[in-house]
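Here is the structure we will look at, set down as structure tokens.
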Amino acid sequence: MKILVLNSGSSSQKSSVYEIRDRLPDVPSAPLWESRIEWDGDQAQIYIASGPGLSGKSTAGGSRKEATEQLLNHLLNSSSPIFRDKSEVSVVGHRIVNGGTLYKNPTPVTPEVRSAIERMSIFAPLHNRAELDGIEIVSKMFGPVSQVAVFDTGFHANLPEAAAVYPGPYEWLEKGIRRFGFHGINHEYCARRAAQLLHKNIESLKIVTCHLGNGCSLAAIRDGRSIDTTMGFTPLEGLMMGTRSGTIDPGILTYLARQDQLTGGELDDLLNNKSGLLGISGISGDMRQIVSAMKEGSARAKLAFEIFVHRLAAGIASMTAALNGLDVLVFSAGIGENSPEIRAATCAALTFLGVTIDPEKNAVSVSEQDISLPESAVRMFIVRAQEDWAIAAACWRLLSCVPPGLE
């Protein structure tokens, strides 16, 4: 089964092709082909590779749709084609950021599903609309191929009501305002992979997964299910992030609206694009640049780092309280996988939980490795984010009628 994956973000597009035969491998397969588009205004940088690692690079102008079509045309018409004919594509999997409460599991794309994704775009306009464009482009270029929607909110869809409902007027809940949670595809993958590495049943473990990239979130996982998470109605809630504030006192917003006459759009831009690491440091939303500037003596970079760690450690402690204990702590995504400084500082704040990190293993940042000391009460792992693979695996299970865990 050859599976094409489209992972659409607000300013990026990742695509991969995987081949899965009669069973899912225990370890993710390398993609046959992968690509990434990054948009800066109306210009797109396209990175393409056949085999491990992104190698080729080109620039494209025009709309998002045009750049995506150019990318897929390369897939179909390259000198070393992955497909002899586009009919060899068994299924196309799409990451859908917000499926609401209606869609929890990977679902074949039908006109009804497309309409539901469109309705949910009011909650995630930059993501859901980009994902709908991807579905439309695939229909245009590949014809009647099976398409599957894999929902980023699905893993959190069964949060207990106490964790999902905001303490505002009950009418909010009746209007659909609740905590959805995000990054669910990677949170679920990381939890299952950590259980694999420990050779234990996931249902026997209390796990906190830390998805730390430009966007950051935590999930508390018990019995293999998410019971709490830090993102909420939107991906703005929770931890400090690259350019997003995370949770703040809502009174600040009403104060700014009255005092500075800021509009809803201006407040949205302020919180999503001008806050977080960038807003505090004045340097960058990239943790690598924050750490570098901090080592060079930047007080604001140091403050940004310390706020990030303070909120991350507090979030992990909160997730641990929801779980009533902690067996496994997982670090994933760009910061989680590649910043030994963040992992070390965070774990130093969690010694009261029995967390003891191995300094030497942590410094190397090797994925799929236990980085805790033998005496630690909590096992700690770095797990590489594998959203595209997780989407491909979900498509394989759906078409093969195999539920998770029974591969």
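Its first residue numbered 1139, the sequence shown is counted upward by one per residue in our numbering. Ideal placement from N, C-alpha and C gives every residue a C-beta, glycine not left out. Predicted, not measured: the structure shown is a model, and the values here were computed from it.
* For the candidate residues A1332, I1340 and I1473, whose alpha-carbon lies nearest to that of L1467? -> Residue mapping note: residue 1467 aligns to position 329 of the sequence shown, counting from 1. Looking at the Cα atoms, A1332 is the closest of the given residues.
* Asked: Which residues in the same chain as Y1304 place their Cβ atom closer than 8 Å to its Cβ, once the five residues preceding and following it in sequence are excluded?
  -> For the purposes of this step, residue 1304 is identified with residue 166 of the sequence shown, where counting begins at 1. For Y1304, where only same-chain residues beyond five positions count, the Cβ hits under 8 Å are W1310, L1311, I1315, R1316, R1317, G1370 and F1371.
* Check whether the Cβ atoms of M1425 and I1480 lie closer than 8 Å to each other. => One-based indexing of the sequence shown puts residue 1425 at position 287. One-based indexing of the sequence shown puts residue 1480 at position 342. Between M1425 and I1480, the C-beta spacing is below 8 Å.
* Give the straight-line distance between the Cα atoms of M1457 and P1298, rounded to the nearest whole angstrom. => Working through the sequence shown from its first residue, we reach residue 1457 at position 319. Working through the sequence shown from its first residue, we reach residue 1298 at position 160. Cα to Cα, the separation comes out at about 13 Å.
* Kindly provide the ranges of any alpha helix (DSSP H) runs that are 4 or more residues long and lie completely inside the stretch 1428-1494, ordered along the chain. => 1437-1461, 1471-1476 and 1478-1486
* To do: Inspect the beta-carbon positions of I1158 and V1229 and report whether they are closer than 8 Å.
  => Counting from one through the sequence shown, the residue named residue 1158 turns up at place 20. Counting from one through the sequence shown, the residue named residue 1229 turns up at place 91. Against a cut-off of 8 Å, the Cβ pair of V1229 and I1158 comes out as no contact.
* Based on Cα-Cα distance, which residue from V1155, L1394, N1410 and P1497 lies nearest to E1172? -> Counted from its first residue, the sequence shown places residue 1172 at position 34. Shortest Cα-Cα distance from E1172 to any of V1155, L1394, N1410 and P1497 involves V1155.
* To do: Take A1187 as the anchor and find which of A1483, W1534 and L1170 has the nearest alpha-carbon.
  => One-based indexing of the sequence shown puts residue 1187 at position 49. It is L1170.
* If we count the other Cβ atoms within 10 Å of its Cβ and call it buried at 16 or more, is T1401 buried or exposed? -> For the purposes of this step, residue 1401 is identified with residue 263 of the sequence shown, where counting begins at 1. Looking at its Cβ environment, which holds fewer than 16 other Cβ atoms inside 10 Å, T1401 is exposed.
* Asked: Looking at C-beta atoms only, is the number of pairs between the stretch 1379-1387 and the stretch 1406-1426 that lie closer than 8 Å three or more?
  -> Taking a cut-off of 8 Å for Cβ pairs, the stretch 1379-1387 and the stretch 1406-1426 touch, as three or more such pairs fall below it.
* Bridge-paired residues (DSSP) for Q1208 -> Here residue 1208 corresponds to residue number 70 of the sequence shown, with the count starting at 1. DSSP lists no partner for Q1208.
* Assigned secondary structure, H1321 (DSSP; H/G/I helix, E/B strand, else coil) -> Mapped onto the sequence shown, residue 1321 falls at position 183. Coil, per DSSP.
* **Spatial neighbours of G1191 in its chain, beta-carbon cut-off 8 Å, leaving aside the 5 residues before and after** => Stepping through the sequence shown from its first residue, residue 1191 is reached at position 53. Residue placement at G1191 is poorly supported in this model, since its pLDDT is 49, which falls under 50; the coordinates still yield a value, given next. Here the set comprises nothing.
* To do: Specify whether the stretch 1386-1405 and the stretch 1336-1345 touch according to this definition: at least 3 beta carbon pairs, one from each stretch, less than 8 Å apart.
  => no
* Would DSSP call A1168 helix, strand or coil? -> In the sequence shown, the residue the question calls residue 1168 occupies position 30. A1168 falls in the coil class under three-state DSSP.
* Can you tell me where the alpha helix (DSSP H) with Q1397 in it begins and where it stops? -> What you label residue 1397 is simply residue 259 of the sequence shown in a count that begins at 1. That run of the alpha helix (DSSP H) goes P1388 to Q1397.
* **Cβ neighbours of L1214 in the same chain (closer than 7 Å, five flanking residues each side left out)** => Position 76 of the sequence shown holds residue 1214. Counting only Cβ-Cβ distances below 7 Å, and skipping sequence neighbours, we find F1221 and K1224.
* Let me know the beta strand (DSSP E) ranges lying completely inside the stretch 1326-1371, each 3 residues or longer, listed in chain order. => 1344-1350, 1354-1360 and 1363-1367
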